[in-house]
Amino acid sequence: EAQVTQNPRYLITVTGKKLTVTCSQNMNHEYMSWYRQDPGLGLRQIYYSMNVEVTDKGDVPEGYKVSRKEKRNFPLILESPSPNQTSLYFCASRTRTHSYEQYFGPGTRLTVT
Amino acid sequence: GQQLNQSPQSMFIQEGEDVSMNCTSSSIFNTWLWYKQDPGEGPVLLIALYKAGELTSNGRLTAQFGITRKDSFLNISASIPSDVGIYFCAGQSGSTNAGKSTFGDGTTLTVKP
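The listed protein sequences derive, respectively, from chains P and C. Start counting the first sequence at 5; every next residue gets the next number (the numbering used here). Start counting the second sequence at 4; every next residue gets the next number (the numbering used here).
Right, here's the structure in full:
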């Protein structure tokens, strides 16, 4: 089954404790992105990657890191999480073709205390 | 960065009524997409629009790409309870910035049986 998976689905952590949210897709997509969703603010793009070893900042990259060492994986790293990073995070992927349709993962609910 | 203004923010309607929502931008987009997010899940693509003036239908859903390329609307006819969710518009600028996606803040739809 074609899908985007994220782990963990739920995470409660404390300020300053490094964490990684994994994202994997099995569709051989070139493009992958991370978004955060906050009430009233819609989906805001954090980082995106257009291929292996090619990443770029989205609209809200501060406090986040990403890497793209393999085509299927695009982990999101919070080196020193803070309470304002409490949010719902989505990973998405798509092909490089004309369609622009993104396939979203199920989301990761992160709480930083 | 680019911003999309999506309205209305929320709608409460009776089953069977028609729904209309729209997105406007100060920037030109080459592609407009409409997604729906069910509670607890990631967004799923409903309709993609690739040409100014294009009108596309998907069942009871109809969307149009504005002539100015700065706006789009989505109509849902004869709403049913399963139409409940958050609807997002998204814009893509094109190949020069192909990895970047901009989303509206969403329209939350509630349908009363």
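From the three backbone atoms N, C-alpha and C, an ideal C-beta is built for every residue, glycine too. Since the structure is predicted, the reported quantities are computational estimates derived from the model, not experimental observations.
Based on DSSP bridge pairs, tell me the residues matched to residue i.
i, result
"P/G46", "P/D42"
"C/R63", "Paired residue(s): none; C/R63 is not in a bridge."
"P/R98", "P/Y35"
"C/A93", "C/L36, C/F106"
"P/V8", "P/Q29"
"C/N8", "C/T27"
Does the CB of residue i have a neighbour CB from chain C at under 8 Å?
i, result
"P/P47", "The question names Pro, yet the displayed sequence has Leu at residue 47 of chain P. Yes, because at least one Cβ of chain C sits closer than 8 Å to the Cβ of P/L47."
"P/G44", "yes"
"P/S103", "yes"
"P/F78", "no"
"P/G111", "yes"
"P/Q106", "yes"
"P/M54", "yes"
"P/G67", "no"
"P/Y93", "no"
Give the straight-line distance between the Cα atoms of residue i and residue j, rounded to the nearest whole angstrom.
i, j, result
"C/T76", "C/Q95", "First, the amino acid is wrong: residue 76 of chain C is Phe here, not Thr. Cα to Cα, C/F76 sits roughly 15 Å from C/Q95."
"C/T27", "C/A51", "16 Å"
"P/A6", "C/G43", "19 Å"
"P/P87", "P/T19", "7 Å"
"P/Y93", "C/T105", "16 Å"
"C/S82", "P/E83", "45 Å"
"P/L23", "P/R13", "13 Å"
"C/G19", "P/Q106", "30 Å"
"C/N61", "P/K21", "46 Å"
"C/Y53", "C/K115", "33 Å"
"P/V58", "C/Q17", "48 Å"
"P/D42", "P/S91", "6 Å"
"C/W35", "C/C92", "7 Å"
"P/W38", "P/G44", "18 Å"
"P/A96", "C/T65", "25 Å"
"P/K69", "C/G69", "36 Å"
"C/K39", "C/G102", "21 Å"
"P/H33", "P/R98", "5 Å"
"C/D86", "C/V47", "13 Å"
"P/Q10", "P/Q29", "9 Å"
"P/P79", "C/G107", "25 Å"
Is residue i close to chain P, meaning its C-beta is less than 8 Å from at least one C-beta of that chain?
i, result
"C/Q67", "no"
"C/G62", "no"
"C/P11", "no"
"C/D108", "yes"
"C/A101", "yes"
"C/G19", "no"
"C/Y84", "Here the sequence assigns Pro to residue 84 of chain C, which means Tyr is not the residue at that position. It does not; no Cβ of chain P falls within 8 Å."
"C/S104", "yes"
"C/E44", "yes"
"C/F32", "no"
"C/F76", "no"
"C/F2", "Because chain C in this structure spans residues 4 to 116, residue 2 of chain C falls outside the shown range and cannot be described."
"C/A51", "yes"
- Message: When you compare the segment 7-20 of chain C with the segment 103-117 of chain P, are there three or more beta-carbon pairs, one atom per stretch, that lie closer than 8 Å?
- Response: The answer is no - the segment 103-117 of chain P does not touch the segment 7-20 of chain C, with fewer than three Cβ pairs under 8 Å.
- Within the segment 23-88 of chain C, ranges of the beta strand (DSSP E) (whole runs, at least 3 residues): Runs of the beta strand (DSSP E) inside the segment 23-88 of chain C: 34-40, 47-52, 58-61, 64-68, 74-79.
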